[in-house]
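Novice: First to last, the sequence lines map onto chains A and B. First residue of the first sequence? That's 520 in the working numbering, and the numbers climb one at a time after it. First residue of the second sequence? That's 4 in the working numbering, and the numbers climb one at a time after it. Backbone N, C-alpha and C fix where the C-beta goes; we use that ideal spot for every residue, glycine too. Note that the structure is predicted; figures quoted are calculated from it, not measured.
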Amino acid sequence: MNWKRFFIAFVALYVFLFMWGWLVNGVVLKDVYAETPNLWRSQSEMASLFQWILLGQAFLVFAFVAIYATGFAGGGILAGVRFGILLELAAIGMRMGIYAVQPFPGKLLVLGSIGGLIEMIIAGVIVGAIYKPRSTAQ
Amino acid sequence: MNHKRGFTAFIVAFVFIFFFGFLWHGILMKPMYLATAAMWRPEADFNNHFPILILGHAVVAFAFTGLYVSKVGMNSAGVGFGYGIVIGIFSCGVNIIRFAVEPLTANILFMWFAGDLICFAIMGALVGAIYKPLTTVT
Numbered sequence: 520m521n522w523k524r525f526f527i528a529f530v531a532l533y534v535f536l537f538m539w540g541w542l543v544n545g546v547v548l549k550d551v552y553a554e555t556p557n558l559w560r561s562q563s564e565m566a567s568l569f570q571w572i573l574l575g576q577a578f579l580v581f582a583f584v585a586i587y588a589t590g591f592a593g594g595g596i597l598a599g600v601r602f603g604i605l606l607e608l609a610a611i612g613m614r615m616g617i618y619a620v621q622p623f624p625g626k627l628l629v630l631g632s633i634g635g636l637i638e639m640i641i642a643g644v645i646v647g648a649i650y651k652p653r654s655t656a657q
Numbered sequence: 004m005n006h007k008r009g010f011t012a013f014i015v016a017f018v019f020i021f022f023f024g025f026l027w028h029g030i031l032m033k034p035m036y037l038a039t040a041a042m043w044r045p046e047a048d049f050n051n052h053f054p055i056l057i058l059g060h061a062v063v064a065f066a067f068t069g070l071y072v073s074k075v076g077m078n079s080a081g082v083g084f085g086y087g088i089v090i091g092i093f094s095c096g097v098n099i100i101r102f103a104v105e106p107l108t109a110n111i112l113f114m115w116f117a118g119d120l121i122c123f124a125i126m127g128a129l130v131g132a133i134y135k136p137l138t139t140v141t
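1. Apart from the five residues on each side of it in sequence, which residues of its chain come closer than 6 angstroms, Cβ to Cβ, to V130/B?
2. By Cβ distance, which residues of its chain are closer than 8 angstroms to L579/A, with the 5 residues on each side in sequence left out?
3. Considering only the alpha carbon of each residue, which of A124/B, P106/B and D48/B lies closest to S563/A?
4. Measuring only the C-alpha atoms, how far is F25/B from A61/B?
5. Out of F49/B, A128/B, I111/B and L137/B, point me to the one whose CA is closest to L31/B's CA.
6. Using a Cβ-Cβ cutoff of less than 7 angstroms, which residues in the same chain neighbour A64/B once the five nearest sequence positions on both sides are dropped?
7. Please state whether DSSP places Y587/A in a helix, a strand or coil.
8. Using the beta-carbon of each residue, which ones in chain B are nearer than 9 angstroms to G612/A?
9. Should G127/B go down as buried or exposed, given a rule of 16 or more other Cβ atoms within 10 Å for buried?
10. If A585/A sits next to V89/B, beta carbons under 8 angstroms apart, how far is it from one beta carbon to the other, in whole angstroms?
11. Considering only the alpha carbon of each residue, which of G594/A, D550/A and P622/A lies closest to I645/A?
12. For L574/A, return the contacting residues in chain B, with the cut-off set at a CB-CB distance below 9 angstroms.
13. With distances taken Cα to Cα, identify the nearest neighbour of F93/B among T108/B, C122/B and M4/B.
14. Between the C-alpha atoms of I596/A and T589/A, what's the straight-line distance to the nearest angstrom?
15. Can you check whether the CB of V546/A is closer than 8 angstroms to the CB of W43/B?
16. Quick one: grab the DSSP three-state call for N78/B.
17. What are the residues in the stretch 39-56 of chain B lying within 8 angstroms of chain A by C-beta distance?
18. Quick check on R560/A - is its C-beta less than 8 angstroms from some C-beta in chain B?
19. Start and end of the alpha helix (DSSP H) containing Q562/A?
20. With distance defined between alpha-carbon atoms, name the residue in A117/B, G118/B and T108/B nearest to L2/B.
21. I need the DSSP call for G127/B, collapsed to helix, strand or coil.
22. Looking at the structure shown, is F623/A part of a helix, part of a strand, or coil, going by DSSP?
23. Would you say F93/B lies against chain A (beta-carbon separation less than 8 angstroms)?
24. Along chain A, which residues have their Cβ under 7 angstroms away from the Cβ of P106/B?
25. Check for me: the alpha helix (DSSP H) holding V551/A runs from which residue to which?
26. To the nearest whole angstrom, what separates the beta carbons of L558/A and F623/A, a pair I think is in contact under 8 angstroms?
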């Protein structure tokens with residue numbers, strides 16, 4: 520494992536996911552979330568639990584980079600994109616399961632999945648471009 | 004790629020995740036969901052969305068198996084177990100973020116955490132035990 524590259528990829532992906540999450544959930548989908556206020560915490564409550572969002576994102580980023588580094592590294596950006604698409608496919612399945620049990624609007628499932636697919640493709644590009652196995656790292 | 008073994012692994016993963024979900028969420032966690040009933044679809048509405056739940060499980064099983072199969076050299080129950088743990092960590096990241104934005108209880112978060120780690124670890128071991136690349140099939 521190339522830990523230096525792993526760390527750089529982790530930080531880069533963390534920053535990207537944070538900005539993307541803010542843009543998609545905090546700006547683009549804000550009105551869709553507002554349709555079901557009973558399903559979400561209030562703004563002040565969310566703010567008080569903000570550190571949980573940071574922690575959860577660290578879990579996501581760690582898992583993404585770890586799987587790429589152990590199974591897809593060496594394939595570069597294309598392998599990263601392929602991995603991102605497959606991982607998002609799993610996320611879409613999980614989102615469908617959540618939609619089946621929680622009464623949020625169907626468009627949140629569709630828009631969230633489209634946003635998630637774009638997000639994971641870009642994540643694959645970032646990690647694929649940064650992480651290189653020891654033997655191929657320059 | 005060994006399509007026959009890959010398909011068998013997918014079917015086993017799908018059946019396992021479905022029954023694990025029924026046991027963990029439908030029986031073990033039922034009192035927790037009843038205590039937060041306003042967050043979930045009523046029984047009749049849930050039944051109407053049941054096909055989406057099944058499809059979501061199939062998509063997760065397909066992506067999980069597809070990711071494993073894509074990883075060169077991963078062909079044992081032990082490696083599959085480790086892969087499942089990392090996917091479980093990914094899922095836990097999603098759960099932590101959901102806890103920060105949805106009015107879930109800490110008990111639900113803890114049970115989701117444990118459930119996802121156990122479920123994906125066993126699923127990984129099953130897929131790892133079943134799938135073998137063509138060259139290593141005996």
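Specialist: Put simply:
1. A12, A16, T68, Y71 and G83
2. L536
3. P106/B is the residue among A124/B, P106/B and D48/B whose C-alpha sits nearest the C-alpha of S563/A.
4. 14 angstroms
5. Of the residues F49/B, A128/B, I111/B and L137/B, the one whose Cα lies closest to the Cα of L31/B is I111/B.
6. F13, A16, F17 and I20
7. helix
8. L58, G59, H60, A61, V62, V63, A64, F65, A66 and F67
9. Within 10 angstroms of the beta-carbon of G127/B lie 16 or more other beta-carbons, which makes it buried.
10. 5 angstroms
11. G594/A
12. G96, I99, I100 and A103
13. A check of alpha carbon separations from F93/B across T108/B, C122/B and M4/B identifies C122/B as the nearest.
14. The alpha-carbon atoms of I596/A and T589/A are separated by roughly 15 angstroms.
15. no
16. In the structure shown, N78/B sits in coil (DSSP, three-state: anything other than H, G, I, E or B).
17. A41, M42, W43, R44, D48, F49, H52, F53, I55 and L56
18. yes
19. For Q562/A, the enclosing alpha helix (DSSP H) covers residues Q562 to S567.
20. Any question about residue 2/B goes unanswered here, given that chain B covers just 4 to 141.
21. The answer is helix: DSSP assigns G127/B an H, G or I state.
22. Here DSSP, grouped into helix, strand and coil, assigns F623/A to coil.
23. yes
24. R560
25. K549 to A553
26. 6 angstroms
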